[in-house]
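Residue numbers -29 to -1, 1 to 348, in mature numbering (1 follows the signal peptide of the UniProt record, and there is no 0), belong to the letters of the sequence shown in order.
A virtual CB, placed ideally from N, CA and C, is assigned to each residue, including glycine.
Since the structure comes first, as structure tokens, the remarks are kept for the end.
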Amino acid sequence: MKRIRMFSHPLWTAFGLAGLLAFSTPAWAQLRVGMPSGFSGSVAAGVKENHEGARLYFDNINARGGVNGQKIELIAVDDKFDPKITVEVARELITKQRVLALFLNRGTPHSQALLPILAELKVPLVAPSTGAMVLHEPVNPWVFNVRATYQREAAKAIEHLASIGITRIALFENDDSFGADSAAGALKGFAKANLKPVMHEKFPREKPDFTALAKQLNESNAQAVMVIGSAGNTANAIKTIREAGSRAQAVTLSNNASDGFIKLLGEHARGVIVTQVFPNERSVAYGLIKEAQDFAKARGLDGVSPAMMEGYAAAKVLTEGLRRAGPNPTPVALRDALENLKGFDLGGLTVHYSPTNHTGLDFADLSIIDASGKFRR
């Protein structure tokens, strides 16, 4: 079975360079897929779990003979969670590694930066690990989402807080397109509940200092605070808020639905609400979850995390697209196959694409971190 390889930009391993030299024909390599994502930096914990979940599915498919007799090769590259590097390594993956698709990259600004390359080189992006509305509306012919939007998650969380009598809610957002998009959803939730945030502040993506915001939050007597940011920044925000004396209910989005995020929170993890875009990772009532759990146990893993489930579901959708694209697929053939993927059952969740809809799934739920460090629904 061909192993899934990870390369670190800008230095490719000798093995990777040898592969490049060996590949000299204009045809696409057998079912190569490229994952440019933040394997280092503030989102590394979740990204690594996304990757592990995708590998879980691809490895099992390859062990059974692959797709149309060919193995799937996932080439993961660290973009250091920098949109400029995302574009650079993505271009290399397409033009040098000749991947059939880009896959499961993390970040809203990063995905936006990829859009011109997708159109230029006519390569699809499958299952970006972001719920940015800009990737859903208007429909981009080269982007195939698998998860729900951040706006839906954020609105659902605010509506839930209001429904249980929490009305003094603060909103902290990352000062970038991810923060703005997600905050727009939260504000829809506020409007539906006939509320306004007691605080609405932005913080920088790089090395934010939450000291002043935490003090303001404490003085505002907020009952809850939604923090829209990366795992590292969100964990730091919650720690600083607690150290400032605030007991406000902390809420964040599914980009932080990973075991790694819980570890970053440490003693402050208990009680944090995290939105989710897949069913409970322990709910075997869903065929998708049971299948992933069984594969995980066969590999000696304790189970699967929400972030692993995102990667697993994404890999399942991509594999079906590759199967339908035929024995000698091209990126365009894969795009066409995905766009005609109608009513595909992942195992209790149905994916449906069309020329006017590339959303895939629209599932959203809430979870809370319990005393044992697990997500509970």
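Inter-residue spacing [alpha-carbon to alpha-carbon] between L106 and G9: 19 Å
Limits of the alpha helix (DSSP H) - the one that N207 falls within: A202 to E214
Contained alpha helix (DSSP H) runs [length at least 4] in the stretch 261 to 331, N- to C-terminal order: 277 to 295 and 302 to 310
Can you tell me which of R241, T138, R306 and P179 puts its alpha carbon nearest to the alpha carbon of A193? T138
I want to know whether the stretch 279 to 299 touches the stretch 78 to 85 - three or more CB-CB distances under 8 Å. no
Given a threshold of 16 other Cβ atoms within 10 Å of its Cβ, counted over all protein chains shown, does H329 qualify as buried or as exposed? buried
Is the CB-CB distance between L132 and A195 below 7 Å? yes
Please work out which residues of its chain come closer than 7 Å, Cβ to Cβ, to T321, disregarding the five sequence neighbours upstream and downstream, and give them in chain order. G314 and F315
E310: buried (16+ other C-beta within 10 angstroms of its C-beta) or exposed? buried
Stretch pair the stretch 30 to 42 + the stretch 221 to 235: three plus CB contacts closer than 8 Å: no
If you follow the beta strand (DSSP E) that K186 is in, where does it begin and where does it stop? That residue, K186, is in no beta strand (DSSP E); its alpha helix (DSSP H) goes T182 to S191.
Starting from N145, follow its DSSP beta bridges and name the residues at the other end. F174
What does DSSP give as the partner residue(s) for M104 in the beta ladder? Note: M104 sits in no beta bridge, so no partner.
If you check the beta carbons only, do S338 and V245 fall under 7 Å apart? yes
So is E20 buried or exposed if we call it buried at 16+ other beta carbons inside 10 Å? buried
Three-state secondary structure (DSSP) of A221: strand
Just mark N204 as buried or exposed, buried being the case when its beta carbon has 16 or more other beta carbons within 10 Å. buried
Taking contact to mean at least 3 C-beta pairs separated by less than 8 Å, is the stretch 46 to 64 in contact with the stretch 239 to 259? no
Rank G5, A72 and P7 by C-alpha distance to the C-alpha of residue 362 and give the top, closest one. Limits of the chain in this structure are -29 at one end and 348 at the other, which puts residue 362 out of reach.
Report buried or exposed for G40, applying the criterion of at least 16 other Cβ atoms within 10 angstroms of its Cβ. exposed
Inter-residue Cα distance where the pair is M104 and D230: 26 Å
Would you mind sorting E281 into buried or exposed? The rule is 16 or more other CB atoms within 10 Å of its CB. buried
So which of R270, E124, G156 and A151 has the shortest CA-CA distance to P175? A151
Determine the contact status of F334 and A119, defining contact as a CB-CB distance below 7 Å. yes
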